[in-house]
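Engineer: One structure is given below, represented as structure tokens, and several questions about it will come after.
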Amino acid sequence: MNDGRRALGGRRWLHGAIVIGTFAVGQGTVAYAGPSGATAISAPRMTVEAATRFAELALACVGKEYPGKIAHVLESASDVKSPRELTPSFFGCYDWHSAVHGHWLLVRLIRTFPTAPFVAKAREALAEDLAPKKIAGEVLYMGKASRMAFERPYGLAWLLQLAAELRSWDDPQAKDWATALAPLESLAATRLKDWLPKLLHPIRIGEHDQTAFSFGLIWDWSLRSGDVQMTELLRSRIGELYLGDRACPLAYEPGGQDFLSPCLAEADLVRRVLSRPEYAIWLTAFLPQVPRDGSVAWLKPADVPDRSDPKLGHLDGLNLSRAWMIEGIARALPPRDPRVRALHLTSQAHIDAALPHVTGEHYEGGHWLGTFAVYLLSTEQQEGSVWRR
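Count the sequence shown with the numbering used here and you get residues 151 to 539, in order.
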């Protein structure tokens, strides 16, 4: 072709943007300073078209009560209530944690694209759900002693991310929402601080209970919020639970319904607490599978057998989360480490496998995959990564 386009893998590249379904993800170019010199590597970045599509996914579900799945401890017959009555802010998007990170998605996208066409509706939804009276209902629900393990750790970690996103936004409405959310944020942090010293073993699964991924979200919140107590508590727990690990059995992954990689999530977590030289040594012992020759054969994207199945469809999320975790690993290594190129290319392969399927075709994936795509692609998530050097 000579019109600026070329076919590739069933998609088309148009003037630097990869067109996937009804939205576009822009492509940037970054110089990778490898051991044999600089190499150009393509990197996806968010466009307003993509942001609009992802925002529409969240807006379609944050107020959608049914279908709904609740993890609900009943203390008496009076607790037999609808999701909207039980958790008045976060009752949509099929389950509580997806509703929480659906709101995070809206905040992140408004901050990134303040004049986009979805902004007015997104602000309206946030104002409705983050009203003080509704958050007070959330505190009342979560505060019951019988619910001490409610949404721990995944949902609580995303709640803290939502709070951090609001606190980082210099916007009058955001300040009001952050103030309203503060009692629930405080309760979530307290619950986690009470639990962490008692956790004698890490939880190494590929779904919500996994500790490595949630620890990473909580760590990032603690730095942005200035909660030194949480930072130091996590630093201690990461050291005791993870730093001695060696030879992670990556060949056993993925599980049939994973959306998080146990091995990669741990590597992405540990990078937060070690220096570059220390991390390079630790990673060699922990993930010796990462090649030094630029190969991508060490980790293939997961195949998704049925996207209408709410558990099997998790594997699209696995490909997205693997992509950002691999980038986190690459970001933490010395720039000329020979493993960085393989990590970049492997991340790109996972992005290519997953992004075309972040659609609303099946609610089973549409209610949550947009968050994973935005977390991967948004500018702040990439800031400081190898993509943006």
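For every residue, glycine included, the Cβ atom is placed at its ideal position computed from N, Cα and C.
Return the CA-CA distance between S239 and A277, expressed in angstroms with no decimal places.
Structural biologist: Straight-line Cα distance between these residues: approximately 10 Å.
Engineer: Excluding sequence positions up to five away, which residues of its chain have a Cβ less than 6 Å from the Cβ of T521?
Structural biologist: H251 and L255, listed in sequence order.
Engineer: Taking the continuous alpha helix (DSSP H) assigned at F522, which residues delimit it?
Structural biologist: L519 to L527 is the extent of the alpha helix (DSSP H) around F522.
Engineer: For S528, count the other beta carbons within 10 Å of its own beta carbon; 16 or more makes it buried, fewer makes it exposed. Which is it?
Structural biologist: Flag for S528 reads buried.
Engineer: Between the Cα of P347 and the Cα atoms of L384, M298, D377 and L367, which residue gives the shortest distance?
Structural biologist: Nearest option by C-alpha distance: L384.
Engineer: Using 10 angstroms around the beta-carbon of V508, count the other beta-carbons present and answer buried if the total reaches 16, otherwise exposed.
Structural biologist: Buried: at least 16 other Cβ atoms inside 10 Å.
Engineer: Closest by CA to T197, which one among P264, W308 and E416?
Structural biologist: The shortest Cα separation from T197 among P264, W308 and E416 belongs to P264.
Engineer: Quick check: S364 and P303, are their CB atoms within less than 7 Å of each other?
Structural biologist: In contact: S364 and P303 (Cβ atoms closer than 7 Å).
Engineer: Identify, in the order they occur along the chain, each residue of the same chain with its Cβ nearer than 7 Å to the Cβ of G171, setting aside the five sequence neighbours on each side.
Structural biologist: Summary for G171: the model assigns pLDDT 38, below 50, so the residue's position carries little reliability, and this model does not support an answer.
Engineer: For L290, which residues of its own chain have a beta-carbon under 6 Å away from its beta-carbon, when the five flanking residues on both sides are left out?
Structural biologist: Around L290: no qualifying Cβ.
Engineer: What is the DSSP secondary structure of R489, reduced to helix, strand or coil?
Structural biologist: Correct three-state label for R489: coil.
Engineer: Roughly how many angstroms lie between the CA atoms of A286 and A492, to the nearest whole one?
Structural biologist: When rounded, the distance between both Cα atoms is 48 Å.
Engineer: Between the segment 400 to 410 and the segment 463 to 471, can you find at least three pairs of beta-carbon atoms closer than 8 Å?
Structural biologist: Touching, yes, given that three or more Cβ pairs across the two stretches are closer than 8 Å.
Engineer: If I measure Cβ to Cβ from Q439 and keep anything under 6 Å in the same chain, skipping five residues before and after, which residues do I get?
Structural biologist: Around Q439: L400 and W448.
Engineer: By DSSP, does R234 sit in helix, in strand, or in coil?
Structural biologist: The answer is helix: DSSP assigns R234 an H, G or I state.
Engineer: Which same chain residues, not among the five before or five after R539, have their C-beta less than 6 Å away from its C-beta?
Structural biologist: Bear in mind that a pLDDT of 30 at R539, under 50, signals an unreliable position, so the number given afterwards is only what the model happens to contain. Contacts found: none.
Engineer: Determine the burial state of Y216: buried for a count of at least 16 other Cβ atoms within 10 Å of its Cβ, exposed for fewer.
Structural biologist: By the 10 Å Cβ count, Y216 comes out exposed.
Engineer: Expressed to the nearest angstrom, what Euclidean distance is found between the alpha-carbon atoms of I220 and P233?
Structural biologist: Distance between the alpha carbons of I220 and P233 is about 7 Å.
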